[in-house]
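A.B. asks:
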Amino acid sequence: MRVASIVEEQLAARRDSSIGSLSLPSMLSSEIPRPSMDFDVTAMGYTTDSIEVFPDDVGLPDSPTLPSFEPTWTTSPSAPLCPPAQTMQTPTSELDENPFQCSLAFADGETLAIYEGDVPPTQPFCYASNIPNLIRSWDDCSPDWVPSADYPIIVHGRPVPIKHWKALYKRNKKTGGEWEKLRNDWLYWKYFMEEYRAYETPKAFWDTYSDLQGRRLKYSPIKQILLDRRKDAIFELAEKVKKEYGDDFNHQFGYKKDQVWRPMTDASAIVRLYRKKMGISCDDDYDDV
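One rule links them: number in this note's numbering = place in the sequence shown (from 1) + 4.
1. For my contact list, Y192 and K227 are in at a C-beta cut-off of 8 Å; report their separation, rounded to the angstrom.
2. Helix, strand or coil for V245 per DSSP?
3. According to DSSP, is W149 helix, strand or coil?
4. Within 7 Å: the Cβ of D251 and any heavy atom of the ligand MN?
5. Between which two residues does the alpha helix (DSSP H) harbouring L191 extend?
6. My assumption, with CB atoms under 8 Å, is that I229 sits in contact with S272. Please give the rounded CB distance.
7. Which word fits A242, buried or exposed, when buried means at least 16 other C-beta atoms lie within 10 angstroms of its C-beta?
8. To test your reading of the DSSP string, which unbroken alpha helix (DSSP H) runs of 4 or more residues are found completely within the stretch 198-228?
9. Candidates K260, Y213, V275 and T212: which alpha carbon is nearest K235's?
10. So what does DSSP say about I158, is it helix, strand or coil?
11. Counting Cβ pairs closer than 8 Å, one from the stretch 161-179 and one from the stretch 103-117, do we hit at least three?
12. According to DSSP, is G258 helix, strand or coil?
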């Protein structure tokens, strides 16, 4: 009996030693095994005093288990492990806020995409009293192109030639009624520059537009000469259209007013519609004569 008792004591001692070497978590501890996770709780706003990270009020398991590497959900499986990332509130589409206006091709080969909000407001222009400045500012393809240091319309750091201003301002909602203010002046500048460039040399142009004493005419009388000439040309073209269509003119060139069909009488309107029928673009060219 004494030998059996000694053997039982030795076996019991070995069992206790083997169990201790496993280093299992002590079930007598008041702390729950915490999973090892690679994230910075400080960056999440938690501190060592925070109780939300790993709550201590979870009931003890019925049997000893090794620490789990799965996330411990504190509420439901759909709850995020950390606060959601901050998102910037941006428009659904930048184009909705700043619509595309036009694409400009410059003489040096660069092409710029211009959006409505890129276009600056117009300024009071003095080209009517400064013809040389108008000539220098009209077209960057011209050898006369020398924009002034205080050039009024600059987009993305580039002076925009006057010939492109219509593309910048027409139907541009961001600039309000700028085109309505600029439109007539821009057309008159265009007529002037078309006439100026129709001559082989500046001297030839000024020989034509000078008085009997050889003094160059100012912008206003030159503009009036061009408008009168243009008005005569449009009237002649409208008369040719009437002859071309003959008896069918009133049917082809008219409009309905008060439920009554009325033939056109305005020469500019006739020419605009004629060019439209012929597939020729005229846009604003015949609106102000």
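For glycine and all other residues, C-beta sits at the position ideal for the given N, C-alpha and C. Predicted model, so just to flag it, every value in this text is computed and none were measured.
C.D. replies: So, from the data block:
1. 5 Å
2. helix
3. coil
4. For the structure depicted, the ligand MN is absent and the ligand set is empty, with no information on it obtainable.
5. E182 to R201
6. Actually they are not in contact, since the Cβ atoms of I229 and S272 sit about 18 Å apart, beyond 8 Å.
7. buried
8. 206-212
9. V275
10. strand
11. yes
12. strand
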